[in-house]
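Notes follow once the structure below has been shown.
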Amino acid sequence: MKIDNTLAAVVTGGASGLGRASAKALADAGVKVAIFDISEEAGETFAAEIGGVFCKVNILDEESVEAGFARARATHGQERVVVHCAVVAGGGKTVSFDKTTGGFKRMATEQIAKTAEGVFTASYRVAAIAALGMATAEPLNADGERGCIVFTSSAASQDGQIGQVAYGGGKGAVNAMVLPMARDLMDLGIRVNAILPGTFATPPMLRVKEMNEAVYEGLGRAVPFPKRLGNPDEFASFVLELVRNTYFNGQCIRLDGGIRMPPK
Ligand SMILES: NC(=O)c1ccc[n+]([C@@H]2O[C@H](COP(=O)([O-])OP(=O)(O)OC[C@H]3O[C@@H](n4cnc5c(N)ncnc54)[C@H](O)[C@@H]3O)[C@@H](O)[C@H]2O)c1
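Encoded structure:
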């Protein structure tokens with residue numbers, strides 16, 4: 000897909016971190032970008048900075064996501080690119096020692112359900128609403144390409160650490176959705192891929208740095224090469240390549256400096 004100012008894109012979680020870097024890279028390439036985020040102030044300010052539109056969207060809420068797409072389309076036309084970065088996730092060990100009772104406790108089933116909703120179900124919701132709009136848009140090129148969906152999964156989908164049953168499981172479900180969704184949408188010319196980031200220097204990771212610099216430094220040292228956390232711009236650069244390269248489809252691909260996460 001040719002990336003230029005004729006394209007419109009939606010980036011969820013675009014007010015921060017990997018989504019923000021992706022939105023900036025797309026906007027720098029001329030794309031009209033709609034930022035979907037629950038964080039209003041940061042989203043409004045950033046959307047104004049990149050000449051895009053901000054839509055206050057809660058990815059957990061069907062009506063809110065539908066309304067976001069309606070607003071984005073009314074402003075920029077049908078989006079051809081969706082980069083889904085927003086996430087709502089929880090953590091916890093399956094069975095852990097409970098200091099207060101002196102016995103063991105298990106993670107509540109609700110924690111799994113909540114994370115499945117915020118990771119897997121929300122990814123489906125965003126992608127399916129986008130694909131429905133793309134389905135009736137004119138093809139963009141001789142291949143008949145109509146759109147491109149990029150999910151953000153995680154290295155934790157393959158090597159989840161202790162306490163990541165919910166998150167790793169949810170992201171694993173996203174990976175498992177990629178190929179069947181690419182097949183569902185193949186006759187419409189809509190591609191579906193997922194990026195599995197390792198550890199990237201985004202606000203959640205920078206909070207780790209604030210709390211414990213040594214832990215943060217250790218995260219960087221654990222990466223085979225280069226020995227540091229990923230830069231959000233490196234993620235964004237990969238997003239652009241996935242959008243640009245029409246032959247990239249049905250794929251889950253790690254971007255992680257070669258790291259394989261240890262148990263903890
Ligand atoms: N940073 C990493 O090291 C890393 C590693 C692997 C995977 N990931 C994945 O990358 C994605 C982005 O992570 P990040 O590190 O950039 O995080 P981030 O916290 O910087 O950004 C996430 C954004 O999502 C928004 N958001 C949260 N709940 C929302 C909701 N209900 N509706 C709409 N927006 C909501 C937040 O306001 C925020 O702007 C996530 O899917 C995360 O699981 C990140």
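The numbers in numbering that gives the first Met the number 0 rise by one with no breaks, and the one at position 45 of the sequence shown is 44.
For glycine and all other residues, C-beta sits at the position ideal for the given N, C-alpha and C.
Cα-Cα separation between phenylalanine 103 and methionine 260, rounded to whole angstroms: On the sequence shown, position 104 is the one that residue 103 refers to. On the sequence shown, position 261 is the one that residue 260 refers to. Taking the straight line from one Cα to the other gives about 26 Å.
Candidates Ile189, Ala121, Lys170, of which the one nearest glycine 159 by Cα: In the sequence shown, residue 159 corresponds to position 160, counting from 1. Among Ile189, Ala121, Lys170, the Cα nearest to that of glycine 159 is on Lys170.
Per DSSP, the bridge partner or partners of glycine 146: In the sequence shown, the residue the question calls residue 146 occupies position 147. Ile189.
Test item: CB-CB of tyrosine 215 and methionine 176 under 8 Å: In the sequence shown, counting from the first residue as 1, residue 215 sits at position 216. In the sequence shown, counting from the first residue as 1, residue 176 sits at position 177. The criterion of a C-beta distance shorter than 8 Å is not satisfied by tyrosine 215 and methionine 176.
Cut-off 6 Å between Cβ atoms - residues of its own chain near methionine 133, not counting five sequence neighbours on either side: Within the sequence shown, residue 133 is the residue found at index 134, counting from 1. Cβ within range, chain order: Arg145, Gly146, Ile189.
Residues that DSSP places opposite threonine 104 in a beta bridge: For the purposes of this step, residue 104 is identified with residue 105 of the sequence shown, where counting begins at 1. It is lysine, not threonine, that sits at residue 104 in the sequence shown. Ser95.
Separation of methionine 185 from proline 179, as counted between CA atoms: In the sequence shown, residue 179 corresponds to position 180, counting from 1. In the sequence shown, residue 185 corresponds to position 186, counting from 1. Near 10 Å, if we compare the C-alpha coordinates of methionine 185 and proline 179.
Heavy atom of ligand 1 within 7 Å of threonine 99 beta-carbon: Here residue 99 refers to the residue found at position 100 when the sequence shown is read from its first residue. Threonine 99 Cβ: outside cutoff for every heavy atom of ligand 1.
Cβ contact check for the segment 43 to 56 and the segment 12 to 23: 3 or more pairs under 8 Å: A contact between stretches requires three or more CB pairs, one per stretch, nearer than 8 Å, and the segment 43 to 56 meets this requirement with the segment 12 to 23.
Buried or exposed by the 16-neighbour rule on C-beta atoms within 10 Å, applied to asparagine 192: Here the question's residue 192 lines up with position 193 in the sequence shown. Residue burial is scored here from C-beta neighbours: asparagine 192 has at least 16 other C-beta atoms within 10 angstroms and is therefore classed as buried.
Range covered by the beta strand (DSSP E) that runs through arginine 227: In the sequence shown, counting from the first residue as 1, residue 227 sits at position 228. Note, arginine 227: premise wrong, no beta strand (DSSP E); not H, not E.
Under 8 Å between C-beta atoms of valine 125 and valine 81: Walking along the sequence shown from the start, residue 125 turns up at place 126. Walking along the sequence shown from the start, residue 81 turns up at place 82. For valine 125 and valine 81, yes; Cβs fall inside 8 Å.
Cβ neighbours of alanine 28 in the same chain (closer than 8 Å, five flanking residues each side left out): Here residue 28 refers to the residue found at position 29 when the sequence shown is read from its first residue. Counting only Cβ-Cβ distances below 8 Å, and skipping sequence neighbours, we find Ile2, Asp3, Leu239.
Cβ-heavy atom distance, asparagine 57 to ligand 1, below 7 Å: In the sequence shown, the residue the question calls residue 57 occupies position 58. Yes, ligand 1 has a heavy atom inside 7 Å of this Cβ.
Alpha helix (DSSP H) runs wholly inside the segment 161 to 249, at least 4 long, in chain order: As far as the segment 161 to 249 is concerned, its whole alpha helix (DSSP H) runs of at least 4 residues are 164 to 183, 202 to 210, 212 to 220, 231 to 243.
Inter-residue Cα distance where the pair is alanine 172 and phenylalanine 119: For the purposes of this step, residue 172 is identified with residue 173 of the sequence shown, where counting begins at 1. For the purposes of this step, residue 119 is identified with residue 120 of the sequence shown, where counting begins at 1. Computed Cα separation, rounded: 6 Å.
Nearest-angstrom Cβ-Cβ length linking aspartate 255 and proline 196, presumed shorter than 8 Å: The residue you call residue 255 lines up with position 256 of the sequence shown. The residue you call residue 196 lines up with position 197 of the sequence shown. Sure, about 7 Å apart at Cβ, within 8 Å.
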